[in-house]
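Protein chains in written order, with our numbering: chain A, -18 to 123; chain B, -18 to 123.
2 protein chains.
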Amino acid sequence: MPAAPAADPLVDALVQASFATMAVLTKAAADADLSLTQLRVLAILRDRRLRMTALADYLGLEKSTMSGLVDRAEKRGLLARAPNPDDGRAVDVLITVAGAEVADRGAAEVARALAPLTGALPPADRRRLTDLLVRMIGTPLA
Amino acid sequence: MPAAPAADPLVDALVQASFATMAVLTKAAADADLSLTQLRVLAILRDRRLRMTALADYLGLEKSTMSGLVDRAEKRGLLARAPNPDDGRAVDVLITVAGAEVADRGAAEVARALAPLTGALPPADRRRLTDLLVRMIGTPLA
DNA sequence: TATTGTTATACTCTATAACTATA
DNA sequence: TATAGTTATAGAGTATAACAATA
C-alpha cells in the first residue's frame, strides 16, 4: 500500500500539464522582462478598463498587492491610472499603447512557445482536448 | 480585425485551465501555510532523496533559490539536509516524517479542491481528457 | 458606517555575484 | 579548473494592518 494517498490520474495529469504550461508562460513573461502576474494584467486589460478592486478580485489578489503591481507597470509606461467618472473613490486602470504592444508580443510568444506542447496532437485530438478543457473550466469552482 | 493576435483555441483553453488549476494549488498550499513552491518540493521529495542541484534543475530554479527554500523548510522541520555519501561537495535533501504528513495532507486537499473541476465531466470524458493531457505532456518541450 | 485605494511593514520567492570546499 | 552549495544583496510579489477620502 502506498504511503501517499491514492492519486487521481486526471488530477495528476492536470497538475502536471498546468506546471508545464506555467513554466512556458513564466519564461515568455521573463523574455519580455515581466513577471507572470504582470503579463497577465496586461492581457486582461488588453481590451478592458477595470477598477483596482475589480482587477484584484479577478486575479485573486489583495488590493494592496494590486497597488504595487500597477505602480511598477505605470512607472514603466505600460499602464495608467485614471479617475473613475462614476465613483470618486475608485481608480480605473488602463493599458497604454506601449503596454498593448508588449501584451501582443507576449501573447504571440506564449502561443509560439506552447506550440511544441499543443502541436504534439493531431488536429482531431486538439479539438477534442479543447472541447474537454472548455467544458471543465466552464464549471464554476465550489 | 482584432487588435490582438488571433488566438489559438487550445492555447486559450490550456492557459485558462492552468490558471484555474494553479489557483486551486496555491490555495491548498496556503491552507497548509506553505507557498506553492514549498508544497511542490515536499511532493517531489515524498518518495525520493535528491541533491540540491537536482532539485533546482527539476524545479527550474537557481541553486541559491533552493538554498533559501530548503533553509525555511528545514527550520520548520519539514525537510532535512544530509551529506551525499558519494560526493563530498553534494548535499542531499530528505523529507521528514512531519514533512511527509504535510505533503500527504496537501495532496489530499488538492484532489479535494480540484474535484469540482475534474468531477464536472462524466467518467468517459475524464478518461479521454486524462489520456489527451498525458499524451500532450509526454512530448518534450523544444 | 461602509467602501476604495494607498501606505507602511514584513516575509517569501527569485536571481546575480562572490565565496568556500571538494573533485 | 570545474562543480556543489552557501551567503550577500537586491527587487518583485504577496499579505495584514492602519489610514485617508468618498459614498
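The beta-carbon is built from N, C-alpha and C at its ideal position, and this holds for glycine as well. All of these numbers come straight from a predicted model, not from anything done at the bench.
Does any residue of chain B bring its CB to less than 8 Å from the CB of Pro66(A)?
no
Whose CA, out of Arg29(A), Asp73(A), Ala94(A), lies closest to the CA of Asp(-11)(B)?
Ala94(A)
- Item | Span of the alpha helix (DSSP H), counted from its first residue to its last, around Asp73(A) | Premise fails: Asp73(A) lies in the beta strand (DSSP E), 72 to 76, not in any alpha helix (DSSP H).
- Taking 8 Å as the threshold, find out whether the stretch 51 to 63 of chain A comes into contact with the stretch 71 to 83 of chain A through three or more Cβ pairs. yes
- [ ] Report buried or exposed for Asp73(B), applying the criterion of at least 16 other Cβ atoms within 10 angstroms of its Cβ.
- [x] buried
Buried versus exposed, by CB contacts within 10 Å (16 or more), Glu90(B): buried
Notebook entry, point to check: What are the uninterrupted segments assigned as beta strand (DSSP E) that are 3 or more residues long and contained completely in the stretch 17 to 84 of chain A, given in chain order?
Noted result: 60 to 64, 72 to 76
- Message: Within the continuous alpha helix (DSSP H) that includes Asp14(A), where are the two ends?
- Response: Taken as a continuous stretch (DSSP letters only), Asp14(A) belongs to no alpha helix (DSSP H), as it is neither H nor E.
Mapping DSSP to helix, strand and coil, what is Leu95(A)? helix
Residue interval of the alpha helix (DSSP H) (run including Gly100(A)): Where Gly100(A) is concerned, there is no enclosing alpha helix (DSSP H), given that its DSSP letter is neither H nor E.
Cutoff 8 Å; reference Lys8(A); Cβ partners in own chain excluding five residues on either side: Ala94
Item checked: Interface positions of the stretch 101 to 117 of chain B facing chain A (Cβ-Cβ less than 7 Å), listed along the chain -> Ala101, Leu102, Asp106, Arg107, Arg109, Leu110, Thr111, Leu113, Leu114, Val115, Arg116, Met117
- Query: Taking DSSP as the reference, what is the three-state secondary structure of Asp(-7)(A)?
  - Reply: helix
Using DSSP with H/G/I as helix, E/B as strand and the rest coil, what is Ala(-12)(A)?
-> coil
Please list the partners that Thr2(B) has in chain A, where partner means a Cβ-to-Cβ separation under 7 Å. Leu(-5), Val(-4), Ser(-1)
Exposure label - Val(-4)(A); buried when at least 16 CB within 10 Å: buried
I'd like to know whether the C-beta atoms of Ser16(A) and Ser(-1)(B) end up nearer to each other than 8 Å.
no
>> Determine whether the beta carbon atoms of Ala1(A) and Leu102(A) lie at a separation below 8 Å.
In response: no
*Quick one: is Ala92(A) near chain B, going by C-beta distance under 8 Å?*
yes
Please tell me whether Val(-8)(B) has its Cβ less than 8 Å away from any Cβ of chain A. yes
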